[in-house]
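Participant:
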Amino acid sequence: MHRFFETLKEMLLPTPPPQRSNEDLRAAFKGKYNNFRSLLTANNNALQAMAELEKIYYSDESYRMAIIRSKISAILINVFKMIRHLSELSGGKYSELDQIFEKISDELSEIIERRPHFSEGDLILPLPEVNKRNIAQVGEKMANLGELASIPGIRVPMGFVVTASATRRFLTRSHLDEINRRLQTLDPDDIEELYTTCKELQKIVMSSELPADLEELLHVNYARLEQATNTGCLVALRSSGLGEDTAGVSFAGLYRTILNVDQNSLTHAYKQVIASKYGARAIAYRRKRGFRHEDIEMCVGCLVMVEAEISGVTYSSDPEDTGLIRINAVEGIARGVVDGTTSTDLFLVERTSPFPVVHSELRQRHSDHDGSQGQPARLNSRQISELANASLLLEKHFGCPQDIEWSFDRHGILFILQSRPMLAGEIAERKNTGVKEPLPETGIPPFLTGGICASGGIACGNAYHVDNMEEMRSFPKGAVLVLRHPIPEWAPLVSHAAAVIAETGTEAGHLATIAREFSIPALFGLEGAMIALTNGETITVNSTTGKIYRGRREDQLSNRAVRKNIMAGSPVQRILTEALQLITPLNLNDPTSLQFKSSWCETLHDITRFCHEKSVSEMFNFGRINHFDKGTAKRLVGDVPLEWWVINLADGFREGVTENAKTIRIEDIVSVPMLSIWQGISAFPWQGPPPLSARGMGSIIFQSTMRPDLDPAVASPLTTRNYFLVSANFCNLSVRLGYHYAMIEAYISELLTENYVTFRFKGGAADTRRKAVRAKLLAEVLQQTGFRVELRSDALLARVKKQSAEYLKQRLQILGYLTLHARQLDMVMNQPQALEKYKEKFLRDIEEMLLREPVSQQTLTTCEPDYADKQ
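Residue numbers (the numbering used here): 2 to 872.
1. Classify H466 as helix, strand or coil using the three-state DSSP reduction.
2. Helix or strand or just coil, what does DSSP make of G32?
3. Can you have a look at M83 and say buried or exposed, based on whether 16 or more other CB atoms are within 10 angstroms of its CB?
4. If I measure Cβ to Cβ from M143 and keep anything under 7 Å in the same chain, skipping five residues before and after, which residues do I get?
5. Does the segment 36 to 47 touch the segment 745 to 756, meaning 3 or more C-beta pairs lie closer than 8 Å?
6. With a 10 Å radius around its C-beta and 16 neighbouring C-beta atoms as the bar for buried, classify W679 as buried or exposed.
7. Kindly identify the DSSP beta-bridge partner or partners of D404.
8. Could you name the residues of the same chain whose beta carbon sits closer than 6 Å to that of Y64, not counting the 5 residues immediately before and after it, in chain order?
9. Rounded to the nearest angstrom, what separates G452 and L380 at their Cα positions?
10. Applying the 10 Å Cβ sphere with the 16-neighbour rule, what's the burial state of T232?
11. Between the Cα of A75 and the Cα atoms of E53, E62, S60 and G92, which residue gives the shortest distance?
12. Distance, Cα to Cα, K272 vs T353?
13. What number of angstroms, rounded off, separates the C-alpha of S392 from the C-alpha of N560?
14. Do you know how far the Cα of E55 is from the Cα of L783?
15. Using only the alpha-carbon positions, how far apart do L243 and A499 sit?
16. DSSP three-state call for L797: helix, strand or coil?
17. Applying the 10 Å Cβ sphere with the 16-neighbour rule, what's the burial state of A773?
18. Is the segment 219 to 237 close to the segment 188 to 208, with three or more CB pairs under 8 Å?
19. Would you report the Cα separation of V658 and L595, rounded to the nearest angstrom?
20. Per DSSP, L637 is paired with what?
21. Straight-line CA distance for D795 to E644?
22. If you pair each beta-carbon of the segment 505 to 513 with each one of the segment 532 to 542, do three or more pairs fall below 8 Å?
23. Grouping DSSP H, G and I as helix and E and B as strand, with all else coil, what is F843?
24. Is there contact between the segment 211 to 226 and the segment 122 to 140, where contact requires at least three CB pairs shorter than 8 Å?
25. Alpha carbon to alpha carbon, how far is L711 from K763?
26. Can you say whether H412 is buried or exposed, counting buried as having 16 or more other CB atoms within 10 angstroms of its CB?
27. By a C-beta neighbour count over all protein chains shown, 10 Å radius and 16 as the cutoff for buried, is A389 buried or exposed?
28. Please classify T328: is it buried, with 16 or more other beta-carbons within 10 angstroms of its beta-carbon, or exposed?
29. Which class does P127 belong to by DSSP, given the choice of helix, strand or coil?
30. Using 8 Å as the cut-off, can you tell me whether the segment 776 to 790 makes contact with the segment 811 to 819, which would need three or more C-beta pairs spanning the two stretches below that distance?
31. Hey, A460 and E298: beta-carbon distance below 8 Å or not?
32. Could you work out which residue in Q203, G160, C199 and N261 is closest to Q228 when comparing CA atoms only?
33. Going along the chain, which residues of its own chain have a beta-carbon closer than 8 Å to the beta-carbon of R554, five neighbours each way excluded?
34. By DSSP, does D107 sit in helix, in strand, or in coil?
35. From the beta carbon of R182, is the nearest beta carbon of chain D less than 8 Å away?
36. Once the 5 residues before and after P592 are set aside, which same chain residues still bring their CB inside 6 Å of it?
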């Protein structure tokens, strides 16, 4: 039986650790203190990186893989540091975190480094053999063109496709590694660096030798075209990137098209098209739209040139939502249409046979034909009807409105050169998401009107002319881009511009398509814009109505639409979406839950939450369980109430205080939290114990007989000495004032996530009910002064975390005040109105105390949320 009681005693009352010297205690604390502070710093860095990553994800701005990698690396490094520091603090207690962290880290690495899978196949495919099943080999543009050839009534040029397998055969791993290395450090927002780097990348491609077998296949397939047409036929080499011409992204005009290529220049032209993947406008566009360069494989279509008499672009569904077909036409080849340098004739056509023209604008000027003046070639009614019918056939085949490039040759035969899906912003959806109906003008009328709405919208900025590369490099972000011609070379500036204005061009050009894609207002075909708009002048552009105003016009800007998320559905966004699932969700919310264990951590946020909570516990336990040599403590002397002793754990004393001194004055203390507690203790003199009834005095005598260690007449260390354990930023105060016990612990720095204050209070001389009422009094006061409070009978725990140093210093003043002035109040907590009486007094005194210094940024009635709430 004796052994049984001994075992029970060991379980319930474990043997306290041996008393340690002050020097040992300092060394032990210094190690814990350093690990604790480093853990809190890592926690702050990890949470900051998580917040920045989420901000990037939910913003409407574009972002790059380099940014994602950087933020995730920062999170992983700091979470790893937190695990290491917690292990040091706890003596290796939470080793399971290592395996959980490694598993999450491996999964994130797999997500971030995942590469698209490209199937291998023939190096060259004849166009008649190409269809949608070959997209992974020939790209969307050529796959669509191959599909068209199978539609009755649709004619496409003869040709072949040099596949993605051929590109991978040409650009070896060593080429790609070097290109990757340079791209990783490239800042696409730096126009100067962008063009310099892209020139170097394209040089790598152009200077590389084409594999002999690929070059031979190129010439063999060209010879077959000669046999089918005529000797020395000219061909056009057109890009067809994987991912190009898919719904939502256009890549319009970003890659090279080389016209009139003969056999001798075939190899060089092919390499030019491949190199255009690394052109400045292509890289800037891909990064803005959330494509990594490895997501794009370049294929090349080789098509026999059409001897075009008239060419153009047709939208099977008018972008202006008129319910009509829109046709833009120009004499000769369509290059002038898509590069914005040529005025085009416009026809709006009914969608039902016989396709009558509802509206037309003959914008083409007289042209010089063989030295003689004459009318430019115009579309006739038969050709308009044929175009309208073809556009509806293509729309039906592909299942959505189409953007179609076409040419009529010298014999009047219609050839379809390209058909791609129209962007969501180019079709009827714009009715709901685009520009609202214009409000009535309330100010000075516009000073410029007219032009063609290439992309609807309203914007304001300073006009900035760009007519050469030097001006392009100095273009300021947020300015209105003013151009002579809206050529694709200016594409890298579109996403930086508030709006685009050009003297030439139409809504059918590549730059117009990109402007619509980025929801940038664009007004083209505005003659004299370069002269009328002064560089640096603030203007407001309403491209929908074709009006330009001087200054900032809020009457117009208040009606602008919200821009769409340009990253939506992109490969980079999909990567970040998947990665965030392993990073930011927080499953460990309640530290008191049975599931608050390391084994329940599923995300990096869970690990930070767990490490932070356990690190605070480890620091609290240090002050609670260590026994120190009280003989080396220094007594606080001066005008001080009661008896207080201070132990310097690190750097809590002013320099010059000797080790052998037996006393210390408050002026020699530099511990920030201790000084704040002391301000509260000394703010108001203690009024002495409340007047007690005979019943109350009897309760004290009864408690003293039950617990002699709490008898005020006995000279116990617990009743005569109250100890501060301090460093410059840390304080642990253990207080025995009569019959109750209080503990205050705090760490204060300029870093919010390191800061915390913890207060524990328990006991008293009265019966349990009155002790509980006093604890309730303190709880209500603390809740109204910004603490998170947990109360169980007479045991109270109050906390504040992650607040400014100034705010926490005031909370410590409050705790110092309450620790002193709550003495023996449990004796009167059976009296009617006692709780409310003392609560009002305490709050009144606290308000007066805090007003003696600048008022905190938070009011007394603000309740501080717990860590879990804030994360």
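Glycine residues also receive a C-beta, built at the ideal position from the N, C-alpha and C atoms.
Facilitator: A quick look at the data gives this:
1. Here DSSP, grouped into helix, strand and coil, assigns H466 to strand.
2. Assignment of G32 by DSSP, reduced to helix, strand and coil, places it in the helix class.
3. That one is buried.
4. Exclusion of the five residues before and after M143 leaves V131, V162, S241, C300 and G302 as the residues of its chain whose Cβ lies within less than 7 Å of its Cβ.
5. Contact annotation: the segment 745 to 756 touches the segment 36 to 47, with at least three C-beta pairs closer than 8 Å.
6. Residue environment analysis places W679 among the buried positions, since at least 16 neighbouring C-beta atoms fall within 10 angstroms of its C-beta.
7. Partner residues in the beta bridge of D404, as assigned by DSSP, are Y316 and R421.
8. Excluding sequence positions up to five before and after Y64, its CB lies within less than 6 Å of the CB of I57, all in the same chain and listed in chain order.
9. The straight-line gap from Cα to Cα measures roughly 23 Å.
10. Counting Cβ neighbours within 10 Å, T232 comes out exposed, since fewer than 16 surround it.
11. The shortest C-alpha to C-alpha distance from A75 to any of E53, E62, S60 and G92 is the one to E53.
12. Taking the CA atoms as reference points, K272 sits about 44 Å from T353.
13. About 34 Å.
14. So the two alpha carbons sit approximately 34 Å from each other.
15. Rounded to whole angstroms, L243 to A499 spans 30 Å at the Cα level.
16. Reduced to three states, the DSSP call for L797 is strand.
17. It is buried - the Cβ of A773 has at least 16 other Cβ atoms within 10 Å.
18. Three or more beta-carbon pairs separated by less than 8 Å are not found between the segment 219 to 237 and the segment 188 to 208, which leaves the two stretches without contact.
19. The C-alpha of L595 is placed about 47 Å away from the C-alpha of V658.
20. Residue pairing by DSSP puts L637 in a beta bridge opposite I665.
21. Straight-line measurement puts the Cα of E644 at about 25 Å from the Cα of D795.
22. Output reads no: the segment 532 to 542 does not touch the segment 505 to 513.
23. Look at F843 here: in three-state DSSP terms it is helix.
24. By the Cβ criterion, the segment 211 to 226 is in contact with the segment 122 to 140, since at least three pairs of Cβ atoms, one from each stretch, lie closer than 8 Å.
25. Residue placement at L711 is poorly supported in this model, since its pLDDT is 35, which falls under 50; the coordinates are not used for a value here.
26. In the assembly as shown, H412 is an exposed residue. Its beta-carbon has fewer than 16 other beta-carbons within 10 Å.
27. With a 10 Å radius around the Cβ and a threshold of 16 neighbouring Cβ atoms, A389 comes out buried.
28. Inspection of the sequence shows that residue 328 is occupied by Ile rather than by Thr. Under this definition I328 is a buried residue.
29. Strand.
30. Contact between the segment 776 to 790 and the segment 811 to 819 is present, with at least three C-beta pairs closer than 8 Å.
31. It is not a contact, given that the beta carbons lie outside the stated cut-off.
32. Of the candidates Q203, G160, C199 and N261, the one whose C-alpha sits nearest the C-alpha of Q228 is G160.
33. The answer, listed in chain order, is G444, C461 and T541.
34. If DSSP states are grouped into helix, strand and coil, D107 belongs with the helices.
35. Checking the listed chains, one finds no chain D in this structure; it contains a single protein chain.
36. Only E614 meet the Cβ criterion.
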